[in-house]
Amino acid sequence: MMKHNHLMAAATAVGIADGLVHWPITVLGLAVALPAGLISDLDTPTSSFGQRSGPLPYLIRAMGIQHRTLFHSVLFAALVASGVLWLGTAHHWPYTQVVALSAFAGIMAHPIADAFSASGVSIFWPVPVRVRFARMRVEGMTERTWVTLLMMVLAVGVTAYVGSRYGWGLF
Ligand SMILES: [Zn+2]
Numbered sequence: 015m016m017k018h019n020h021l022m023a024a025a026t027a028v029g030i031a032d033g034l035v036h037w038p039i040t041v042l043g044l045a046v047a048l049p050a051g052l053i054s055d056l057d058t059p060t061s062s063f064g065q066r067s068g069p070l071p072y073l074i075r076a077m078g079i080q081h082r083t084l085f086h087s088v089l090f091a092a093l094v095a096s097g098v099l100w101l102g103t104a105h106h107w108p109y110t111q112v113v114a115l116s117a118f119a120g121i122m123a124h125p126i127a128d129a130f131s132a133s134g135v136s137i138f139w140p141v142p143v144r145v146r147f148a149r150m151r152v153e154g155m156t157e158r159t160w161v162t163l164l165m166m167v168l169a170v171g172v173t174a175y176v177g178s179r180y181g182w183g184l185f
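Each residue of the sequence shown is one higher than the one before, counting from 15 in the numbering used here.
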């Protein structure tokens with residue numbers, strides 16, 4: 015998926031997550047979820063995130079971690095969210111739960127969106143199952159037009175719906 019679609023998927027996901035736990039849509043939640051929605055492509059040196067991460071993508075490759083495996087998995091999202099919860103609770107950080115949930119939602123939105131493309135995703139890594147919902151070509155005409163339009167409607171719609179129901183907030 016293209017970067018802008020991953021960002022909109024992350025916004026949609028944090029909206030759904032906040033709606034599920036009856037939390038307001040917050041600036042903090044979106045500020046965490048949007049970059050979190052791009053982290054997964056750290057395993058690709060050519061991705062926008064990978065290009066800004068110095069030798070890290072190459073190190074990941076050197077460790078034998080393939081694209082769309084560990085960093086595109088539920089395990090990775092759960093590890094990051096648990097890490098945030100653990101650190102935040104230990105150091106009494108404010109809004110730890112908002113940050114942890116938003117990070118989880120943002121990270122999970124990425125592999126779910128990628129699963130609509132032809133090569134699929136190992137979302138349950140290390141379980142060797144490749145998940146694929148569709149066979150869309152990344153950066154193809156369909157993604158540039160229809161998927162982008164759909165993601166805009168989803169991101170705005172979900173955020174507006176949850177925001178109007180549970181409120182808006184900074185934190
Ligand atoms: Zn990806």
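C-beta: ideal position from N, C-alpha, C; glycine also.
Practice problem: Output yes if chain D places a C-beta closer than 7 angstroms to the C-beta of L164; else output no. | Solution: Looking for chain D here will not work: only one protein chain is present.
Exercise. Could you name the residues of the same chain whose beta carbon sits closer than 7 angstroms to that of L84, not counting the 5 residues immediately before and after it, in chain order?
Key: Same-chain partners within the cutoff: F90 and W139.
Quiz item: Hey, quick one: how far does the alpha helix (DSSP H) through D32 stretch, first residue to last?
Solution: Segment K17 to L34, the alpha helix (DSSP H) holding D32.
Quiz item: Sorry if obvious, but does the Cβ on D32 come closer than 6 angstroms to a heavy atom of ligand 1?
Solution: Not so, every heavy atom of ligand 1 lies at least 6 angstroms from the Cβ.
Exercise. Would you give the residue range spanned by the alpha helix (DSSP H) that I126 belongs to?
Key: Start and end: T110 to D128.
Practice problem: Output the residue ranges of the alpha helix (DSSP H) runs that lie fully inside the region 154-181 and measure 4 residues or longer, sorted by chain position. | Solution: The qualifying runs are 162-180.
Quiz item: Along the chain, where does the alpha helix (DSSP H) that runs through T103 open and close?
Solution: Here the alpha helix (DSSP H) through T103 covers V88 to A104.
Quiz item: Should S96 be counted as a contact of ligand 1 given a C-beta to heavy atom distance under 6 angstroms?
Solution: No, Cβ of S96 sits at least 6 angstroms from all heavy atoms of ligand 1.
Exercise. On the DSSP bridge assignment, give the partners of T40 in chain order.
Key: G183.
Self-check item: Beta-carbon spacing of V176, I39 below 7 angstroms
Solution: Result yes, Cβ atoms of V176 and I39 sit closer than 7 angstroms.
Quiz item: If we call anything under 7 angstroms between Cβ atoms a contact, is L22 one with A148?
Solution: Rather than Leu, the amino acid found at residue 22 in this sequence is Met. Result no, Cβ atoms of M22 and A148 do not sit closer than 7 angstroms.
Quiz item: Residue range of the alpha helix (DSSP H) that F63 falls in?
Solution: Going by DSSP, F63 is part of the alpha helix (DSSP H) stretching over S62 to Q65.
Quiz item: Within the present structure, is the beta-carbon of S54 separated from the nearest heavy atom of ligand 1 by less than 6 angstroms?
Solution: Yes, since a heavy atom of ligand 1 falls inside the 6 angstroms radius drawn around the Cβ of S54.
Practice problem: Could you check the C-alpha separation between A24 and S136 for me, to the nearest Å? | Solution: Straight through space, the alpha carbons of S136 and A24 are spaced by roughly 19 angstroms.
Quiz item: Considering only the beta carbon of each residue, do F185 and L42 sit closer than 7 angstroms?
Solution: Yes. Within cutoff.
Quiz prompt | Among V167, L163 and A129, nearest to M150 - alpha-carbon criterion | solution = Closest option to M150, Cα to Cα, is A129.
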